[in-house]
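In our numbering, the protein residues as written are 35 to 353. For every residue, glycine included, the Cβ atom is placed at its ideal position computed from N, Cα and C. Predicted, not measured: the structure shown is a model, and the values here were computed from it. Only one structure is covered here, and it is reproduced in the block below.
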């Protein structure tokens with residue numbers, strides 16, 4: 035795609051490109067008309083895999099807030115209901131109809147649901163992301179932002195909107211959670227609840243006295259939380275060279291990012307390596323800037339070096 039004649043894309047400005055960092059979130063794709071919201075994933079899931087969607091509806095409170103905070107909501111599995119439902123397969127060893135054949139029924143039922151809500155859900159998520167339609171620039175009149183192709187990009191999106199719509203070189207873009215067009219990339223998705231040993235369902239249980247089936251079932255539940263945990267520390271370590279290279283950044287533009295708690299470790303890492311109190315931040319917001327302002331204060335970005343601009347105020351995004 036040739037963007038050379040697109041007036042909204044610039045390669046020259048007062049600030050050198052290598053000193054500009056864009057941090058891009060899902061609001062950026064939504065701004066371009068891409069149906070990339072988690073609620074869109076919910077609609078997709080209900081159509082292609084009603085069984086997994088039923089499990090999701092059964093063991094989570096699936097409403098608008100659920101999809102708005104989808105990743106963090108994965109930490110709120112209704113384990114009480116799940117254990118109660120599986121309990122019907124936990125027959126007493128002394129029951130008249132007891133058979134050794136049923137020794138693993140309880141664990142099997144838990145494993146079946148947990149696999150659907152972790153492995154299968156992740157697979158469906160990847161399939162959904164990879165079928166999202168990226169628009170052509172010609173169809174985006176009134177939406178194209180004045181991005182710098184020579185700048186650096188930290189994107190939390192799985193899509194290649196930056197490359198395909200704006201012609202940003204791959205070498206300038208870090209897909210921190212994986213890139214959809216790389217078929218071998220594992221797309222990173224999950225909650226941020228880092229559980230301690232005391233959070234294990236087997237914590238405090240006398241293993242000598244406990245029913246083996248209960249212990250194994252508890253391990254399966256623990257496994258769910260591990261499988262759906264976003265390994266933020268590991269991801270940051272894998273991309274250490276990128277973060278360490280940010281010391282010369284003088285302008286940060288945060289576009290369409292939710293500033294959710296689960297993503298804060300990445301932003302703290304960015305701030306740590308920039309380490310320059312003169313760096314100016316511009317942060318987008320949707321409807322109200324209140325949440326964005328609170329998140330940036332919590333992050334520790336100086337308020338006099340930060341301004342807040344709606345993403346659709348296109349001219350105000352010229353770096």
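- In this structure, the CA atom of residue 205 is about 22 angstroms from the CA atom of residue 170.
- About 4 angstroms separates the Cβ atoms of residue 202 and residue 196, confirming a contact at the 8 angstroms cut-off.
- Comparing alpha-carbon positions, the option among 101, 67, 152 and 72 lying closest to residue 259 turns out to be 152.
- In this structure, the straight-line span from the alpha carbon of residue 340 to that of residue 72 is close to 28 angstroms.
- Note: residue 258 is not bridge-paired with any residue in the DSSP secondary-structure output.
- By the neighbour-count criterion, in which 16 or more other beta carbons inside 10 Å mark a residue as buried, residue 271 falls on the exposed side.
- Here the alpha carbon of residue 149 sits roughly 18 angstroms from the alpha carbon of residue 75.
- In this structure, residue 214 and residue 221 form a Cβ contact; the two beta carbons are roughly 7 angstroms apart against a cut-off of 8 angstroms.
- Sequence-distant Cβ neighbours of residue 174 in its own chain, meaning closer than 8 angstroms and more than five residues away, are 66, 67 and 199.
- Between residue 158 and residue 83, the C-beta spacing is below 8 angstroms.
- Taking 8 angstroms as the cut-off, the Cβ atoms of residue 241 and residue 61 do not count as close.
- Check the Cα spacing between residue 228 and each of 97, 109, 81 and 342: the tightest is with 109.
- Straight across, the Cα-Cα distance linking residue 235 with residue 248 is about 10 angstroms.
- Per DSSP, the unbroken beta strand (DSSP E) holding residue 341 starts and ends at 340-344.
- If the five residues before and after residue 335 are omitted, its C-beta is found closer than 7 angstroms to the C-beta atoms of 305 and 315, all from its own chain and listed in chain order.
- Here residue 193 really is in contact with residue 70; their C-beta atoms are around 7 angstroms apart, less than 8 angstroms.
- When only Cα atoms are considered, residue 98 and residue 332 end up about 26 angstroms apart.
- Counting of Cβ neighbours within 10 angstroms places residue 59 among the buried residues, the total reaching 16 or more.
- DSSP places residue 316 in the strand class (E or B) of the three-state scheme.
- Boundaries around residue 58 are those of the beta strand (DSSP E), 54-58, since no alpha helix (DSSP H) includes it.
- Using a Cβ distance threshold of 8 angstroms, residue 264 and residue 212 do not count as a contacting pair.
- DSSP, reduced to helix, strand and coil, places residue 229 outside both helices and strands of the structure shown, so it counts as coil.
- Per the C-alpha coordinates, the member of 286, 329 and 184 positioned closest to residue 296 is 329.
- In terms of Cβ geometry, residue 353 and residue 285 form a close pair [threshold 8 angstroms].
- Residue 104 has no beta-bridge partner at all, per DSSP.
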